[in-house]
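To keep things clear, I will list the structure first and then write my remarks on it.
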Amino acid sequence: MIDVLPDDLVVQILMHIPIKDAVATMILSKRWRYIWTMLPKLKYKESDDVTEDECKSIWHFLDKSLQLHKAPVIKKLHTELGPRCPVDVDVGKWITNAVDRKVCKLTFQLKWAAKPIKLPKSLYTCSTLVSLVLCDKICVDIISPGSLPSLSYLCLLAVVFKDESSLVGLLSSCPILKGLKVVSNDYQKDSSDSTGSLMIDSLTLKTIFIYDYSGDAFSIENRSCLDAASIYVLGHPDYKTVRSFSSLRIFDIYLNIFTVGCCITNNFSRLIKCIILPYNLNWLEPLMILVQNSPKLKVLVIDGTYLTEDFPVSWNHPDSVPKCLLTHLEIFDWRGYRARSEEKELVRYILANSSCLKVVAISMRSTCSFEDRERMMNELKSMSRISEPIIMQGGYIEQFTINPSRNLCEL
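Residue numbering for the sequence shown follows full-length UniProt numbering, starting at 1 and increasing by one per position.
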């Protein structure tokens, strides 16, 4: 029955099976020999449970199938090459092939044993590209700005930058960029003895995610309006960066001695959701300043699950009740609650002054015994409150951020 279906419908069916199985259909009949070559979405992924010979066949298959592919437009190409990828494979020609086929969404991950490679210059002048994800052994090296007029989403995961100007040059090539993710464990550069900073300059960005524990300074210059930011850094932001966060509606921040200035010097007139991850800092006072300066805040999440020690904190009763508690705050979610006296005072204050509160979700540390959990929950439920929220144990709000433990190459 499937033989009577039109080619367009058969292509849609083949899109739902692995590319290797789709190619295998070419033996069914003369008609089927070329149908797979019109697939607009392709995914190649090295498996961990294959033999060395099977690995070699994978690279041969990838190479030949891309050569034979004839769709005028590749809507999506997703390629993940693992550590057993031969170092003599010409991966650049696959990128060139995709660019020639007017690729729209490209994900390319390279984890081979060789040094990071530079991708073809044609990638940075691809007019059809709307989404680009580059991962691992890739060197971003742009001497002069390229031209990516359609790119709205850019994700750079543990790539190597030739120098600071490489990222600046790449961003300046993207006139309509809306979303940016930069993830790096040590902000790798091609020159290991160089020091620098992470510089992001884009007029159009709406959402940004930065994960950088190198300790380098970072700079975000955005004269438009950022809507959402997730900032995991151990570096000093400059003044322009701090000011650029004032327009946020969603803010997720690793709160430490470097980033605390982002929270205490801004008026967050649009902020409705905030996730704080405190680290080795007397963080209660900065938190209350942020709450005081966020009149429309509806969701407040404190995530202390990554704290490794009981860093001393102090609680000072605010002189006035923050406006958001009186008129907007609906959800209060605390993860890794320790029930120290200062923490109890914060919870007690929020319960006593939040008129619109609907949900209070409290989760204790994983090392907390069942008996201690029960005692803490009973203590929380006994606190006086101005509203009647549901008080529950366990996390309630999904984080805005990317979880670094997930497969970050998935679009």
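Heads up, the beta-carbon is just placed ideally off N, CA and C, and yes, glycines get one too. This one's a predicted model, so the numbers in the text were calculated from it and none came from an experiment.
- For C139, the enclosing beta strand (DSSP E) begins and ends at 138 to 140.
- Just measuring C-alpha positions, the residue of Y153, C174, A158, A114 sitting nearest I142 is C174.
- If you ignore the 5 residues before and after M288, its C-beta comes within less than 7 Å of the C-beta of P318, all in its own chain and listed in chain order.
- With respect to the C-alpha of D310, the residue from F209, S246, L167, E342 having the closest C-alpha is E342.
- Among the bridge pairs identified by DSSP, M392 is matched with A361.
- Pairwise C-beta distances place the region 246 to 258 in contact with the region 272 to 283, as three or more of them are shorter than 8 Å.
- In this chain, F370 is not harboured by any beta strand (DSSP E); it is covered by the alpha helix (DSSP H) spanning 370 to 381.
- Runs of the beta strand (DSSP E) lying entirely within the region 84 to 165 and spanning at least 3 residues, in chain order: 105 to 110, 131 to 136, 138 to 140, 153 to 157.
- Between M199 and L248, the CB-CB gap reaches or exceeds 8 Å.
- Per DSSP, reduced to three states, the secondary structure at F332 is strand.
- Within the same chain, and ignoring the five residues on either side of I302 in sequence, the residues whose Cβ sits closer than 6 Å to its Cβ are I276, W334.
- Considering only L77, A113, K296, I331, the residue with the shortest C-alpha distance to A98 is L77.
- L198 is bridged by DSSP to F218.
- Rounded to the nearest angstrom, the Cβ distance from Y279 to L307 is 7 Å, consistent with a contact under 8 Å.
- Here DSSP, grouped into helix, strand and coil, assigns C225 to coil.
- The three-state secondary structure of G169, taken from DSSP, is helix.
- Sixteen is the threshold: when 16 or more other Cβ atoms of the shown chains lie within 10 Å of the Cβ of A229, as they do, the residue is buried.
- Under the DSSP definition of a beta bridge, I208 partners with L180, A229.
- Its Cα nearest to that of L351, the residue I390 stands out among A114, C225, I176, I390.
- For E309, DSSP records no beta bridge to any residue.
- Going by DSSP, K298 is part of no beta strand (DSSP E) at all; its letter is neither H nor E.
- Approximately 7 Å separates the beta-carbon atoms of I210 and F218; this is inside 8 Å, confirming the contact.
- V73 counts as exposed, since fewer than 16 other C-beta atoms from the protein chains shown sit within 10 angstroms of its C-beta.
- In the displayed model, E46 falls within coil according to three-state DSSP, outside both helix and strand.
- In terms of Cβ geometry, I117 and C139 form a close pair [threshold 8 Å].
- From the listed residues W112, V91, S366, L106, the smallest Cα separation to L132 is found for L106.
- Partner residues in the beta bridge of K41, as assigned by DSSP, are K76.
- Apart from the 5 residues on each side of it in sequence, I386 sits with its Cβ closer than 7 Å to the Cβ of A352, N353, S354, S355 in its chain, given in chain order.
- Measuring C-alpha to C-alpha distances from P149 to each of C155, C104, Q393, K296 identifies C104 as the nearest.
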